[in-house]
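Take a look at the structure set out below.
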Amino acid sequence: MTPNGVTAVSALCSFAGIGLIAFAPATPVVSVVIALLLVLGYALDSADGQLARLRGGGSFAGEWLDHVVDAVKMASLHLAVLVAWYQGYAESSAWLAVPLLYQLLAVVLFFAIILTDQMRRAHRGSTATRLAGEGSSSVLYSLAVLPTEYGVLCLAFLLWFIPPVFSVVYAVFFGVNACFLLLALPRWYREMRSYGAADKA
């Protein structure tokens, strides 16, 4: 398969799972199918870039397509949760605020991550996502930010058939992601300011 073909299959799996969230009954079997489809879509989303590198390097068009699919997936996942909760999944209408805010958060976080990565590349004059020595972190940090990982959110849908439990887990994930964004944005802004100062010097 080509990298774009893998992206297409990834999108098909992800959006099939998202469709089940919005319109299928919340049964144990449906919950497992949702989680499997979302996880498979997530795995293939990682595989397309790796396949592109194995074939001699990716393209701007391939990266663009990958990011656009990711953006639609991020936004529509929380929209599907909102639709399901509106149709009676949530016990109270107050819960509807959670997927609405989570969708806003996901869009802002995704855009900020992509923009920060692009500006880093432009600043250092390299198209590589990371350079040697970059991206290292402690095990404790990696565990702390696990709820911000899309793949972990996919696994949470194994609990979809138990609305009171899933709702709490989903809300906790939202809270952790909100805290991560509030801490990350000032740090990324300071990093961008340092690039400007270095460029002037």
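Adding 54 to a residue's 1-based position in the sequence shown gives its number in the numbering used here.
Each residue gets a CB set at the ideal place from its N, CA and C atoms; glycine is no exception.
With DSSP as the reference, label residue i as helix, strand or coil.
i	result
I216	coil
L145	Reading the sequence as shown, one finds Glu at residue 145 and not Leu. Residue state, collapsed to three classes: coil.
G112	coil
S192	coil
T81	coil
V87	helix
E203	coil
Taking only the alpha-carbon atoms, compute the straight-line gap between residue i and residue j and give it to the nearest angstrom.
i	j	result
F69	K127	7 Å
P57	D171	21 Å
S192	F220	29 Å
A24	L200	No information on residue 24 is available, as it lies outside the stretch 55 to 255 that the chain covers here.
A198	A225	16 Å
Could you tell me the boundaries of the alpha helix (DSSP H) in which residue i lies?
i	result
F69	P57 to F77
P153	A151 to R178
Would the beta-carbon of residue i fall within 9 Å of that of residue j?
i	j	result
A176	A238	no
W214	V84	yes
A134	I216	no
Y156	F228	yes
L136	L154	yes
If you measure from the beta carbon of residue i to each beta carbon in chain B, is any gap under 9 Å?
i	result
M55	Among the chains of the structure shown, chain B does not appear; only one protein chain is present.
Rounded to the nearest angstrom, how far is the Cβ of residue i from that of residue j, given a contact under 8 Å?
i	j	result
C233	A89	Their Cβ separation, rounded to whole angstroms, is 25 Å, which puts C233 and A89 out of contact at 8 Å.
I168	H121	6 Å
V161	A210	Going by Cβ atoms, the distance from V161 to A210 rounds to 19 Å, so no, they are not a contact pair.
L150	N231	No, L150 and N231 are not in contact; Cβ-Cβ is about 18 Å, not under 8 Å.
C67	G95	4 Å
Does the Cβ of residue i lie closer than 8 Å to at least one heavy atom of the ligand ATP?
i	result
V86	The ligand ATP is not part of this structure, which contains no ligands at all.
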